[in-house]
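Asks: Provided herewith is a single structure, encoded as structure tokens, for subsequent inquiry.
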Amino acid sequence: MIGKVIKYMRMQKKAKQAVLARKLGIERTTLSAYETERRQPDFEVIEKIANECDFEIYFINKNTGEKFKSNDIKRKDI
Numbered sequence: 005m006i007g008k009v010i011k012y013m014r015m016q017k018k019a020k021q022a023v024l025a026r027k028l029g030i031e032r033t034t035l036s037a038y039e040t041e042r043r044q045p046d047f048e049v050i051e052k053i054a055n056e057c058d059f060e061i062y063f064i065n066k067n068t069g070e071k072f073k074s075n076d077i078k079r080k081d082i
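Encoded structure:
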């Protein structure tokens, strides 16, 4: 599923795999593997792809409707 989302974001940005991969500092073949789900990116990579493609990732609490972005969280354990 995440591969389809990654490809969708890239296509909305009208970016070629090679161009986006270069901006992310990864190989084009790695980006291709993410899109075809032969490899799974970690959350940091997904976040970088979203940012580069002008998307934001939100988390919504189903019970309260509270909505936040990952960069809204201030972690003290890192």
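Here the sequence shown stands for residues 5 to 82, numbered as in my numbering.
Each residue gets a CB set at the ideal place from its N, CA and C atoms; glycine is no exception.
#1: Please report how far the alpha carbon of Lys18 lies from the alpha carbon of Phe72, in whole angstroms.
#2: Write down the C-beta distance between Ile50 and Ile6 rounded to the nearest angstrom, noting that I regard them as a contact closer than 8 Å.
#3: If you draw a straight line from the C-alpha of Asn67 to the C-alpha of Leu28, how long is it?
#4: I need the boundaries of the beta strand (DSSP E) containing Ile64, first residue and last residue.
#5: Tell me whether Tyr38 is buried or exposed, calling it buried when 16 or more other Cβ atoms sit within 10 Å of its Cβ.
Replies: Quick look at the numbers:
#1: Here residue 18 is taken as the residue at index 14 of the sequence shown, counted from 1. Here residue 72 is taken as the residue at index 68 of the sequence shown, counted from 1. Taking the straight line from one Cα to the other gives about 27 Å.
#2: The residue labelled residue 50 in the question sits at position 46 within the sequence shown. The residue labelled residue 6 in the question sits at position 2 within the sequence shown. Right, their Cβ atoms sit about 7 Å apart.
#3: The count along the sequence shown starts at 1 and reaches residue 67 at position 63. The count along the sequence shown starts at 1 and reaches residue 28 at position 24. Computed Cα separation, rounded: 35 Å.
#4: One-based indexing of the sequence shown puts residue 64 at position 60. Segment 62-64, the beta strand (DSSP E) holding Ile64.
#5: Counting from one through the sequence shown, the residue named residue 38 turns up at place 34. Tyr38 is buried by the Cβ-count criterion.
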